[in-house]
Amino acid sequence: MPSRARLKPRKMPTQQRSKATVEAILAAAAQVFRRHGYAATTTDRIAQRAGVSVGSLYQYFPNKDAILVTLAERHIDAGFALVRLLLREALAETPPLAAMLRRFVLAMIVLHEHEPELHRVLFEEAPLPSHVRRRLRERENELASEVSRLLEAHPEACVRSPDVTAYVIVHTVDSLVHSFVLHPPKDIDADMMTNEAVRMLLRHLTAEGS
Numbered sequence: 055m056p057s058r059a060r061l062k063p064r065k066m067p068t069q070q071r072s073k074a075t076v077e078a079i080l081a082a083a084a085q086v087f088r089r090h091g092y093a094a095t096t097t098d099r100i101a102q103r104a105g106v107s108v109g110s111l112y113q114y115f116p117n118k119d120a121i122l123v124t125l126a127e128r129h130i131d132a133g134f135a136l137v138r139l140l141l142r143e144a145l146a147e148t149p150p151l152a153a154m155l156r157r158f159v160l161a162m163i164v165l166h167e168h169e170p171e172l173h174r175v176l177f178e179e180a181p182l183p184s185h186v187r188r189r190l191r192e193r194e195n196e197l198a199s200e201v202s203r204l205l206e207a208h209p210e211a212c213v214r215s216p217d218v219t220a221y222v223i224v225h226t227v228d229s230l231v232h233s234f235v236l237h238p239p240k241d242i243d244a245d246m247m248t249n250e251a252v253r254m255l256l257r258h259l260t261a262e263g264s
């Protein structure tokens with residue numbers, strides 16, 4: 055992948071028309087990446103799909119990787135913002151522990167089901183640069199902080215360290231849901247997976263302090 059300097063947009067659009075062009079390029083790129091995968095996607099294909107010339111595309115992005123990075127950053131931020139919103143709603147309502155865990159698992163499913171094919175390209179095919187992966191880790195840490203607060207609001211969760219437990223929960227559920235959504239098993243549906251995940255987490259949380 056090119057250097058970080060070559061992964062930044064060439065210029066930021068300021069006028070409405072140029073903003074619309076950039077959005078068209080990004081929307082087209084998402085479609086092309088989903089359909090053809092990372093390796094087969096080219097700037098020519100993206101420009102054709104967006105209905106702009108390759109020259110117009112290069113005014114804003116130096117290469118396909120710069121477009122991919124912008125898509126990845128948006129995808130990460132939007133997805134985790136939605137999950138945090140759902141968790142904050144749960145924190146405000148303080149549902150029982152089992153219901154809170156179910157909400158968390160379902161929220162993570164929502165995160166991964168948002169453009170799953172693009173998600174697969176971004177996190178399984180594309181060589182994402184370190185600063186994008188660092189951004190992902192930061193969002194995961196923010197999410198773990200939300201889960202930690204939820205655990206602290208539930209005294210029936212007998213945890214020694216809410217922060218450590220929240221970190222383990224976030225990464226365990228993220229890995230499980232990622233695999234389930236992107237590579238769905240033949241005989242397991244979403245309800246079955248969610249129910250088993252909640253039971254597993256509940257057993258861990260209520261047994262940890264014993």
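Quick note: the sequence shown uses the numbering used here, first residue 55, plus one each step. Here a beta-carbon is modelled for each residue, glycine too, at the ideal position from N, C-alpha and C. For clarity, every value in this text was computed on a predicted model and none was experimentally measured.
Task: C-alpha gap between S233 and V164, whole angstroms - done: Sequence index remark: in the sequence shown, residue 233 carries index 179 (1-based). Sequence index remark: in the sequence shown, residue 164 carries index 110 (1-based). Roughly 14 Å between the two C-alpha positions.
Open item on the list: Going by C-alpha to C-alpha distance, which of A132, K73, A161 sits closest to T248?
Closed with: Residue numbering aside, residue 248 sits at position 194 when the sequence shown is read from its first letter. Selected option, being the one with the closest Cα: A161.
Open item on the list: Checking 9 Å against the spacing of the C-beta atoms, do L80 and L141 come in under that value?
Closed with: Taking the sequence shown and counting its residues from 1, the one referred to as residue 80 is at position 26. Taking the sequence shown and counting its residues from 1, the one referred to as residue 141 is at position 87. No. Outside cutoff.
Open item on the list: I need the straight-line Cα distance from A82 to R257, nearest angstrom please.
Closed with: Here the question's residue 82 lines up with position 28 in the sequence shown. Here the question's residue 257 lines up with position 203 in the sequence shown. Cα to Cα, the separation comes out at about 45 Å.
- [ ] From the DSSP output, in three-state form, read off Q178 for me.
- [x] Indexing the sequence shown from 1 puts residue 178 at position 124. The displayed chain sequence assigns Glu, not Gln, to residue 178. It is helical.
- [ ] Just the C-alpha distance for V235 and V76, rounded to the nearest angstrom, thanks.
- [x] Taking the sequence shown and counting its residues from 1, one reaches residue 235 at position 181. Taking the sequence shown and counting its residues from 1, one reaches residue 76 at position 22. Approximately 30 Å between the Cα atoms of the pair.
TODO: Report the residue ranges of all alpha helix (DSSP H) runs contained in full by the region 175-237; include only those spanning at least 4 residues, in chain order.
DONE: 184-206, 216-236
- [ ] Assign T219 to buried or exposed, taking buried as 16 or more other Cβ atoms, counted over all protein chains shown, within 10 Å of its Cβ.
- [x] For the purposes of this step, residue 219 is taken as the residue at position 165 of the sequence shown. Flag for T219 reads buried.
Task: Cβ-based neighbour list, T148, same chain, cut-off 6 Å, excluding 5 preceding and 5 following - done: Here residue 148 is taken as the residue at index 94 of the sequence shown, counted from 1. The residues are A207.
Task: Any non-hydrogen atom of the ligand COA within 8 Å of L145 CB - done: Because no ligand of any kind appears in the structure shown, any question about the ligand COA cannot be addressed here.
TODO: With DSSP as the reference, label I242 as helix, strand or coil.
DONE: Numbered from 1 along the sequence shown, position 188 holds the residue referred to as residue 242. I242: coil per DSSP, three-state reduction.
Task: Test item: CB-CB of E194 and D228 under 9 Å - done: For this step, residue 194 is matched to residue 140 along the sequence shown. For this step, residue 228 is matched to residue 174 along the sequence shown. A contact, by the Cβ cut-off of 9 Å.
Task: Start and end residues, alpha helix (DSSP H) containing V137 - done: For this step, residue 137 is matched to residue 83 along the sequence shown. Taken as a continuous stretch (DSSP letters only), the alpha helix (DSSP H) holding V137 covers 118-147.
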